[in-house]
Structures are given as C-alpha cells and as structure tokens.
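First up is the structure itself, then whatever we jot down about it.
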Amino acid sequence: MRIALGQFNASLDKNANLARMAAMAGEARAAAAELVLFPEGAMVSFEPVRSLAQDAEPLDGPFVAGLAQAARANRVAVVAGLFESIPGSDRVYNTVVAVGSGGELIGSYHKIHLFDAFGYRESERIEAGAGDTLGFRLGGLNFGVETCYDVRFPELSSQLAAQGADVILLPAAWVFGLLKESHWEILVRARAIENTLYVAAAGQVGKGYSGSSMLVDPMGVAVASAGETEQLIIGEVERERVEAVRRKLPSRDHVRPDVYRRWALVAR
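So, in structure tokens, the structure goes:
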C-alpha cells in the first residue's frame with residue numbers, strides 16, 4: 001500500500017489551508033497513494049495572535065466537511081490535525097481526524113500528552129485527551145494514531161501496537177530547539193524499532209517548525225524523508241514487511257505486562 005505525507009505551513013486562513021491540503025491530496029492520488037497524512041494543527045496556525053477557541057470547530061463543522069470533500073474528490077483517505085471546540089470552555093482539543101476515501105469520518109483522537117516543555121505550555125490552551133485511542137483498517141493494514149509530543153512517551157505506541165497497529169500515523173508541529181531535530185529522528189525511529197511497525201510522521205514547516213517528515217519501516221530504516229520546505233513524500237507500507245521483521249525480531253512476543261503492572265503499583 002502506498003501512503004503520502006504532506007508537510008506544509010498552516011496559516012491563519014483555514015480555507016487556504018484546506019485548499020493546500022486538497023491540492024496535496026490530488027498529488028497523492030496521482031501517485032497512487034491510498035492515504036495522505038497531514039501535520040498536527042493543519043487547520044490553522046498555532047500562533048498566539050488569537051484564541052484557538054475562536055478558530056476551533058466541532059467535528060461536524062466546515063473544516064472536517066472540507067477534508068471530507070478533498071478525500072471524496074480524490075478517492076484517498078485523509079488524516080489531519082485540527083482544533084476541536086469544547087462547549088462552554090475557552091480551551092480546545094488538539095484533535096486528529098481520519099476521513100475515508102468516500103468522505104466518511106472514520107474516527108478522531110484527542111492528544112493525550114501536552115507539550116509543557118522547553119518554555120512552552122500547551123496546556124494553557126489545550127485540554128488533554130482522556131486516553132481513548134484511534135485505530136482503523138485500510139488496505140489490509142491496521143493504523144493507529146498519536147500526535148507530536150506523544151512520541152516521547154513509548155507507552156502509547158506500545159498500546160497501539162498491542163491493539164494491532166501495523167502503522168502509526170504521527171502528525172506533528174515539531175519546533176526547532178536544543179537538540180530537538182535530533183530527538184525527532186531518534187524518537188520516530190525508536191518507536192518503529194521497539195514495536196516492529198511503520199511510523200509515518202508528518203511535520204509542519206516554516207515559522208520555527210523543523211519539518212523533517214519521514215516514513216520509517218519496522219527496522220528503523222527511513223524509506224522516505226523530507227527536508228524543511230513544503231513537500232509531499234510517498235512511501236510503501238507492507239504487511240509482509242511487518243510480518244517478516246517480527247519473525248526475526250519477535251520482541252512484541254516478549255513484552256511482560258504482568259511485570260509492568262507490578263512496577264506501576266510500586267511507582268504509586
């Protein structure tokens with residue numbers, strides 16, 4: 001199965017962002033991709049010039065409808081980040097939605113781990129997810145979803161693998177910083193290696209974002225990668241590759257949840 005990763009810089013103009021994603025979805029389909037992954041916050045810029053709550057929408061709002069139209073018109077599944085409104089709150093969910101090639105909403109995921117690090121406090125504007133995961137099946141493969149800072153917490157990737165994921169989709173808006181570009185590559189590859197699955201990581205570019213989208217295979221090899229400019233990259237994900245690696249490296253079979261549960265109790 002062929003998938004595409006579209007990295008771009010989300011502006012404050014939601015319609016312009018939708019148009020850019022629709023164009024990239026068309027490019028993805030022309031390259032025979034069945035799914036295109038866009039970055040975290042693809043809906044609208046994170047810039048603190050106005051409240052995210054002002055731009056946030058419910059999942060039945062015009063932005064998701066625009067994604068559905070792009071998916072339907074190009075016959076390609078679309079996964080993208082947006083800001084979901086919370087009734088009665090000035091905070092929002094940092095949400096990822098998956099839309100099928102027929103325009104149907106497959107599901108959504110609320111980012112669990114908020115980026116309160118390196119002098120930034122995402123929790124001031126974002127409500128953390130309760131822990132519900134998103135998984136779906138497409139083209140004979142199982143996909144799981146996480147978002148940006150989530151990649152620093154291996155427990156989520158491990159849970160997605162335990163739920164059957166062959167591919168983790170990781171939209172991000174990874175900013176430049178002290179060793180952060182190095183961390184990005186190491187973490188994405190580590191999550192692929194330790195869970196013997198693919199990780200498709202799509203980042204924003206421009207305005208301090210490092211881009212560096214990549215598709216990493218179950219042995220940690222980057223089979224497609226991008227630089228720091230707007231770009232669409234294409235790569236293959238194969239269930240046979242996952243199975244072959246797991247036969248040689250059956251680390252998932254050696255996981256000890258019985259031990260980990262004891263450790264968790266002690267840690268409390």
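Following UniProt numbering from start to finish, the sequence shown increments by one per residue and tops out at 268.
Note that CB positions come from ideal geometry on N, CA and C, so glycine has one too.
Between the alpha carbons of Asn-15 and Met-24 lies a gap of roughly 14 Å. The Cβ atoms of Leu-37 and Ala-202 sit closer than 8 Å to each other.
Sequence-distant partners of Gly-220 (beyond 5 residues in either direction) whose C-beta falls short of 6 Å from its own C-beta, in its chain, are Arg-189, Ala-192 and Ile-193. The C-beta separation of Glu-34 from Gly-100 comes to about 10 Å, leaving the pair out of contact by the 8 Å criterion.
With respect to the C-alpha of Gly-164, the residue from Ala-173, Thr-147 and Leu-134 having the closest C-alpha is Leu-134. Between Leu-12 and Val-44, the gap from beta carbon to beta carbon is short of 8 Å. Its Cα nearest to that of Gly-107, the residue Arg-137 stands out among Arg-137, Val-245 and Pro-154. Ranked by how close their Cα comes to the Cα of Phe-153, the residues Glu-122, Ala-173, Lys-111 and Ile-233 have Lys-111 in first place. Note that the C-beta distance between Tyr-149 and Leu-114 is below 8 Å. Taking the Cα positions, His-254 is about 25 Å away from Leu-215. For the options Pro-218, Ala-244 and Glu-155, the alpha carbon positioned closest to that of Ala-264 is the one of Glu-155. Minimum Cα-Cα distance from Phe-8 among the listed residues His-183, Pro-218, Ile-168 and Ala-226 corresponds to Ala-226. Just so you know, the alpha carbons of Tyr-209 and Trp-174 end up roughly 6 Å apart. In the DSSP assignment, Pro-171 forms a beta bridge with Ala-202.
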